[in-house]
Ligand SMILES: [Zn+2]
């Protein structure tokens, strides 16, 4: 079955390895061979910038964008950049996986909208508004500390400009109040690219039932995160199915997608790499999901939201 995975940290690992780890073939959870085995239509590659490590986060982000394109160019037989579903379809017709470029840490904007437009021009199509630190856009959900703090005045401008440009707003990691501000302000569907259900596991990184419903009302999706801490039950496939059942019962079958967090989360025993994603497909089928429903979760819902926002 085809797949769109909305979040992974693979490129960060490649860039930090000084050329030792390559996208084509590696021991990580994601490489091109494994993506092929998963019949990947598209992979969203996050560029994560640690604000505590870099004084000029925008510089670091641009450096990582260069690293991303170098990997894509080295593997141009198998993978190509996509900035829209139109481009994804073209890539697919040429037998290529689509690589979408995303940034995890809105703080790279350094409080300037021109940086947002620069990132768009360089191909970035989704920004995770915060990671685990407060930034120029808003506050994270980190140990519940900033739960009730919403978007900053700059964050409000960022939402409007991302809507105008046609970029996906990603609320994973964002505070609860920030989530509600984004939900209220965004004129387009938005996503929680890698977040699970809080009712199943009461973790600050997971979404409450009300948040799941708001996300669905807006036409957005939540991507199932494979991190054991968020899934519970040491990240078993059974735990994944539990979250999917709860999320689809709460928000509807149209609101759930996949956001593995591979190469950013601790590796699982049951699904250790993206090439084994069929294990989840079989488990969902055994749990009573129809093929049509499973297709929605594995790629159709993500594809719909990407098309609605990016074209
Ligand atoms: Zn993350």
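In my numbering, the protein residues as written are 303 to 613. For every residue, glycine included, the Cβ atom is placed at its ideal position computed from N, Cα and C.
If I follow the unbroken beta strand (DSSP E) through residue i, where does it start and stop?
i           : result
residue 345 : 342-350
residue 525 : 523-526
residue 559 : 558-560
Based on Cα-Cα distance, which residue from the options lies nearest to residue i?
i           : options            : result
residue 587 : 547, 571, 353      : 547
residue 437 : 333, 394, 353      : 353
residue 497 : 332, 460, 556, 561 : 561
residue 607 : 471, 342, 549, 357 : 471
residue 461 : 443, 482, 356      : 482
residue 543 : 579, 507, 585      : 585
residue 489 : 517, 512, 502, 511 : 517
I believe residue i touches residue j by the beta-carbon criterion, under 8 Å. Please report the beta-carbon distance rounded to the nearest angstrom.
i           : j           : result
residue 523 : residue 604 : 6 Å
residue 487 : residue 500 : Wrong, their Cβ atoms sit about 22 Å apart, outside the cutoff.
residue 382 : residue 345 : Wrong, their Cβ atoms sit about 11 Å apart, outside the cutoff.
residue 477 : residue 448 : 5 Å
residue 430 : residue 463 : Actually they do not touch by this definition, with Cβ atoms about 16 Å apart.
residue 337 : residue 399 : 5 Å
residue 417 : residue 360 : 5 Å
residue 386 : residue 613 : 5 Å
Report yes if the C-beta distance between residue i and residue j is below 8 Å; otherwise report no.
i           : j           : result
residue 425 : residue 390 : no
residue 515 : residue 484 : no
residue 440 : residue 413 : no
residue 492 : residue 520 : yes
residue 469 : residue 411 : no
residue 530 : residue 539 : no
residue 599 : residue 558 : yes
residue 459 : residue 415 : yes
residue 334 : residue 377 : yes
residue 294 : residue 310 : As displayed, the chain neither begins before 303 nor continues past 613, which places residue 294 out of reach and without an answer.
residue 573 : residue 528 : yes
residue 367 : residue 349 : yes
residue 392 : residue 341 : no
Between which two residues does the alpha helix (DSSP H) carrying residue i extend?
i           : result
residue 305 : Looking at the DSSP string, residue 305 is not in any alpha helix (DSSP H); the run it does join, the beta strand (DSSP E), is 305-307.
residue 583 : 580-588
residue 479 : 478-487
residue 606 : 603-612
What are the complete alpha helix (DSSP H) segments, minimum 4 residues, inside the segment 401-440? 415-423
What are the uninterrupted segments assigned as beta strand (DSSP E) that are 3 or more residues long and contained completely in the segment 448-473, given in chain order? 470-472
At 3 residues or longer, and completely inside the segment 322-390: list those beta strand (DSSP E) runs for me, N to C. 342-350, 381-383
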